[in-house]
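Peer 1: First the structure, which I've put down as structure tokens, then a few questions once you've had a look.
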Amino acid sequence: MAGSSVSGGGGRPPLFATEKPKRVLAYRVYAGTIFAGILLIWFYRATHIPARGSSSLGWRAGLGLLVAEILFGLYWVLTLSVRWNPVRRTTFKDRLSERYDDDQLPGVDIFVCTADPALEPPMLVISTVLSVMAYDYPPEKLNIYLSDDAGSAVTFYALHEASEFAKHWISFCKNYKVEPRSPAAYFAEGATPHDACSPQELLRMKELYKDLTDRVNSVVHSGKIPEVPECNHRGFSEWNEMITSGDHPSIVQILIDRNKRKAVDVDGNALPKLVYMSREKRPQEQHHFKAGSLNALIRVSSVISNSPVILNVDCDMYSNNSESIRDALCFFLDEEQGQDIGFVQYPQNFDNVVHNDIYGNPINVVNELDNPCLDGWGGMCYYGTGCFHRRETLSGQIYSKDYKEDWDRGVGIAENADELEETSKSLVTCTYEHNTPWGIEKGVRYGCPLEDVITGLQIQCRGWRSVYYNPARKGFLGMAPTSLGQILVQHKRWSEGFLQISLSNYSPFLLGHGKIKLGLQMGYSVCGFWALNSFPTFYYVIIPSLCFLSGVSVFPEITSPWCIPFIYVVVASYSWSLMESLQCGDTAVEWWNAQRMWLMRRTTSYLLAAIDTIGGMLGVSESGFELTVKVDESQALERYKKGKMEFGPISEKRRATDVAGRRNTVG
Numbered sequence: 099m100a101g102s103s104v105s106g107g108g109g110r111p112p113l114f115a116t117e118k119p120k121r122v123l124a125y126r127v128y129a130g131t132i133f134a135g136i137l138l139i140w141f142y143r144a145t146h147i148p149a150r151g152s153s154s155l156g157w158r159a160g161l162g163l164l165v166a167e168i169l170f171g172l173y174w175v176l177t178l179s180v181r182w183n184p185v186r187r188t189t190f191k192d193r194l195s196e197r198y199d200d201d202q203l204p205g206v207d208i209f210v211c212t213a214d215p216a217l218e219p220p221m222l223v224i225s226t227v228l229s230v231m232a233y234d235y236p237p238e239k240l241n242i243y244l245s246d247d248a249g250s251a252v253t254f255y256a257l258h259e260a261s262e263f264a265k266h267w268i269s270f271c272k273n274y275k276v277e278p279r280s281p282a283a284y285f286a287e288g289a290t291p292h293d294a295c296s297p298q299e300l301l302r303m304k305e306l307y308k309d310l311t312d313r314v315n316s317v318v319h320s321g322k323i324p325e326v327p328e329c330n331h332r333g334f335s336e337w338n339e340m341i342t343s344g345d346h347p348s349i350v351q352i353l354i355d356r357n358k359r360k361a362v363d364v365d366g367n368a369l370p371k372l373v374y375m376s377r378e379k380r381p382q383e384q385h386h387f388k389a390g391s392l393n394a395l396i397r398v399s400s401v402i403s404n405s406p407v408i409l410n411v412d413c414d415m416y417s418n419n420s421e422s423i424r425d426a427l428c429f430f431l432d433e434e435q436g437q438d439i440g441f442v443q444y445p446q447n448f449d450n451v452v453h454n455d456i457y458g459n460p461i462n463v464v465n466e467l468d469n470p471c472l473d474g475w476g477g478m479c480y481y482g483t484g485c486f487h488r489r490e491t492l493s494g495q496i497y498s499k500d501y502k503e504d505w506d507r508g509v510g511i512a513e514n515a516d517e518l519e520e521t522s523k524s525l526v527t528c529t530y531e532h533n534t535p536w537g538i539e540k541g542v543r544y545g546c547p548l549e550d551v552i553t554g555l556q557i558q559c560r561g562w563r564s565v566y567y568n569p570a571r572k573g574f575l576g577m578a579p580t581s582l583g584q585i586l587v588q589h590k591r592w593s594e595g596f597l598q599i600s601l602s603n604y605s606p607f608l609l610g611h612g613k614i615k616l617g618l619q620m621g622y623s624v625c626g627f628w629a630l631n632s633f634p635t636f637y638y639v640i641i642p643s644l645c646f647l648s649g650v651s652v653f654p655e656i657t658s659p660w661c662i663p664f665i666y667v668v669v670a671s672y673s674w675s676l677m678e679s680l681q682c683g684d685t686a687v688e689w690w691n692a693q694r695m696w697l698m699r700r701t702t703s704y705l706l707a708a709i710d711t712i713g714g715m716l717g718v719s720e721s722g723f724e725l726t727v728k729v730d731e732s733q734a735l736e737r738y739k740k741g742k743m744e745f746g747p748i749s750e751k752r753r754a755t756d757v758a759g760r761r762n763t764v765g
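All residue numbers for the sequence shown refer to this note's numbering, where the first residue is 99 and numbers rise by one.
Below is the structure:
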């Protein structure tokens, strides 16, 4: 490493270090040669367009290829931003422990969101909840919130049962230093006893988890809450036969309360606070999906715990590293370097991809190369999951040099739980946000499919910095799509959202002008122009082939010197890409599969996203993107494992069932 930045405030050693990799110079030399090749290709194309009278097809094709190659070149210039200025972060948790006792650490509020118990099985959700409840962090400083947008009594039942199981699981995790701390993931990995944990103790925990799984899945299948003493919690009285997922009142229940309703684990140690929330939903009101759920959580948590740090995770992305909170705090609490850090983003990783994944799901190159470069420009994107925020950044706070964080906020809140629940309910009604800044200047942004990205950009434009942290042990693991239909639909949504941002007043070049670095503006735009780049790609895929079949030459002869820049740019680009992929841990087969999926996405998902976005701007009806071909779902997962591409989509319900089955296996 070179260019290390490790200064500490007031003579104190820093809590994190920032370093620049040595290979940056090699990339810049390579990029310079590629740029020279691109310029030569542009010059050749501009000077070798066939005369208009000699060949109508040749003239039109040549002119179109000139436009396409110019667009390719300009897009390539944008991609320089995600290679030009990488940084690597290292945290020093030992120094954090020396500097801060447990009672001096800030409180942390953790948000988990779910929306449909059919698509997101309750056992999947509570395994994620249990994983964040078991962090290696003072339980008195941890507050976990589950937002259930479906208002499902089944999900509440699962969380209620999990709150009892947590008394055993958290103690087990901390006594035996278990990793990962999602019980589903831990047992699915084939947990074996070690020196500290006896086979009998491990078997006992397995049986407790299996009992929990059986009880919850039984209720999921029957749809009825059992009439047993354990289910007499007053929270169940919130439900009646009139409640539906799209029409229900506000529900807030504190299941584990450290104040009046004391709760401890089997060893007598305190448990984290656990809160269930379902915001009010009415058919005539707009609810803004996940963004609305997160904003409701911000408000509810502000009266129940009001911790200065907020972590949000998707319900299928469990904690894989029990020290992630302490790592994040190394950035926030550094006296000299951390004052303006607004959020810390962990990478997205997946635990269900197979070796030589046919769909190119592994994103090692993005995690190891692209994201560190965005970080180098001072502004890693907000992914919408696996991210630690200062609460103030989500409240519209503008950073200034005289800003001082109150790390003790929220400590000592001891109001009556019943009163807190009633107050919280009033904050999540359908009409609460009417004529307020919520969703505009405050909280998570509304009105865009990628509310997380635009929210992160707004935070950065208010003067806050963000950092990217990619530890050796991954912080979070989620679920990757395992059918072609799922992947194409997902990328269509992403590319459409990015393009909408790029063509709006929230474009990084407009909103970020003079507020964030040009390199970061370009970095955002790499994804922002995915969709538009599909047009030259589609043209390049179709037209040269038609010209070849018609006997029209659109490329230089192999004996011509002009063939050299074309060959060099193609060979050098793919060779460098392969080298990067191998260095980041991919196999050559995975690299090839990623290249294949890249072309497939550009000519389907991104193209349709561009058409829909432009059509929407012109007031034309959208083209839609519905895959209706069905396949035998029981065979889909086996085909994926065998490396066979699935051209028919798996229904979301089946995928959720498969996910739950894989995660809830306890051998």
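Glycine included, every Cβ here is placed at the ideal spot set by N, Cα and C.
Would you tell me roughly how many angstroms separate the C-alpha atoms of LYS540 and ILE709, rounded to the nearest one?
Peer 2: Using only the alpha carbons, I get a separation of about 32 angstroms.
Peer 1: With a 10 Å radius around its C-beta and 16 neighbouring C-beta atoms as the bar for buried, classify ARG302 as buried or exposed.
Peer 2: ARG302 comes out exposed.
Peer 1: Please say whether CYS682 and VAL463 have beta carbons closer to each other than 8 angstroms?
Peer 2: A contact, by the Cβ cut-off of 8 angstroms.
Peer 1: Between which two residues does the alpha helix (DSSP H) holding LYS590 run?
Peer 2: Residues 582-600.
Peer 1: In chain order, which continuous runs of the alpha helix (DSSP H) of length 4 or greater are located wholly inside the stretch 282-362?
Peer 2: 297-320, all fully within the stretch 282-362.
Peer 1: Applying the 10 Å Cβ sphere with the 16-neighbour rule, what's the burial state of ARG187?
Peer 2: Under this definition ARG187 is a buried residue.
Peer 1: When the Cα of THR527 is compared with those of HIS346, ALA149, ALA166 and GLU305, which residue comes out closest?
Peer 2: When only C-alpha atoms are compared, the closest one is HIS346.
Peer 1: How many whole angstroms separate the CB atoms of VAL314 and PRO220, which I take to be in contact at a CB cut-off of 8 angstroms?
Peer 2: Going by Cβ atoms, the distance from VAL314 to PRO220 rounds to 6 angstroms, so yes, they are a contact pair.
Peer 1: Please work out which residues of its chain come closer than 7 angstroms, Cβ to Cβ, to VAL451, disregarding the five sequence neighbours upstream and downstream, and give them in chain order.
Peer 2: If we look at VAL451 and ignore the five residues flanking it on each side, its Cβ neighbours are ASN459, PRO460 and ALA578.
Peer 1: Can you list, in chain order, the residues of its chain with a C-beta nearer than 6 angstroms to that of TRP536? Leave out the 5 residues immediately preceding and following it.
Peer 2: Once the five neighbours on either side are set aside, the close Cβ partners of TRP536 are ASN393.
Peer 1: Can you give me the C-alpha to C-alpha distance between TYR567 and LEU575, rounded to a whole angstrom?
Peer 2: So the two alpha carbons sit approximately 14 angstroms from each other.
Peer 1: With distances taken Cα to Cα, identify the nearest neighbour of LEU716 among PRO445, LEU601 and ARG591.
Peer 2: Closest by alpha carbon: LEU601.
Peer 1: Under the DSSP definition of a beta bridge, which residues are partnered with PHE486?
Peer 2: Beta-bridge pairing links PHE486 to LEU409 and VAL442.
Peer 1: In terms of residues, what are the limits of the beta strand (DSSP E) holding ASP246?
Peer 2: Note, ASP246: beta strand (DSSP E), 240-246.
Peer 1: Please classify PHE646 as buried or exposed, where buried requires at least 16 neighbouring CB atoms within 10 angstroms.
Peer 2: When all chains shown are included, PHE646 counts as exposed.
Peer 1: Do you know whose CA, among TRP174, GLY476, HIS453 and GLN298, lies nearest THR116's CA?
Peer 2: Among TRP174, GLY476, HIS453 and GLN298, the Cα nearest to that of THR116 belongs to GLY476.
Peer 1: Just to confirm, are PRO204 and LYS239 a CB contact at a threshold of 8 angstroms?
Peer 2: Contact: yes.
Peer 1: Out of SER648, THR702, PRO663 and GLY714, state which residue places its alpha-carbon closest to the alpha-carbon of SER153.
Peer 2: The option with the nearest alpha carbon to SER153 is SER648.
Peer 1: Determine the DSSP secondary structure at CYS625, reduced to helix, strand or coil.
Peer 2: Three-state DSSP puts CYS625 in a helix.
Peer 1: Out of ARG193, LEU138, PRO278 and GLY617, point me to the one whose CA is closest to ASP468's CA.
Peer 2: Nearest of ARG193, LEU138, PRO278 and GLY617 to ASP468, Cα basis: GLY617.
Peer 1: Do three or more CB pairs link the stretch 333-352 to the stretch 262-274 at distances below 8 angstroms?
Peer 2: With the cut-off at 8 angstroms, the stretch 333-352 and the stretch 262-274 do not touch.
Peer 1: Using a Cβ-Cβ cutoff of less than 6 angstroms, which residues in the same chain neighbour TYR638 once the five nearest sequence positions on both sides are dropped?
Peer 2: Closer than 6 angstroms at the Cβ level, and outside the excluded window around TYR638, lie ALA166.
Peer 1: How is the alpha helix (DSSP H) around ASP207 delimited, first residue to last?
Peer 2: Counting along the chain, ASP207 falls outside any alpha helix (DSSP H), though it belongs to the beta strand (DSSP E) covering 206-212.
Peer 1: State the DSSP-derived secondary structure class of THR188, mapped to helix, strand or coil.
Peer 2: The answer is strand: DSSP assigns THR188 an E or B state.
Peer 1: Using the three-state DSSP reduction, which class does MET375 fall into: helix, strand or coil?
Peer 2: Reduced to three states, the DSSP call for MET375 is strand.
Peer 1: Let me know the secondary structure DSSP gives GLU117 once reduced to three states.
Peer 2: Strand.
Peer 1: Could you check what DSSP says for ALA570 in three-state terms: helix, strand or coil?
Peer 2: Coil at ALA570, not helix or strand.
Peer 1: Compare the beta carbon distance of CYS559 and LEU609 with 8 angstroms and say whether it is the shorter of the two.
Peer 2: Yes, the pair counts as a contact, with Cβ atoms nearer than the cut-off.
Peer 1: Can you find at least 3 beta carbon pairs, one from the stretch 551-558 and one from the stretch 393-407, that sit closer than 8 angstroms?
Peer 2: Output reads no: the stretch 393-407 does not touch the stretch 551-558.
Peer 1: Smallest Cα separation from GLY249: which of LYS379, TYR457 and GLY484?
Peer 2: It is LYS379.
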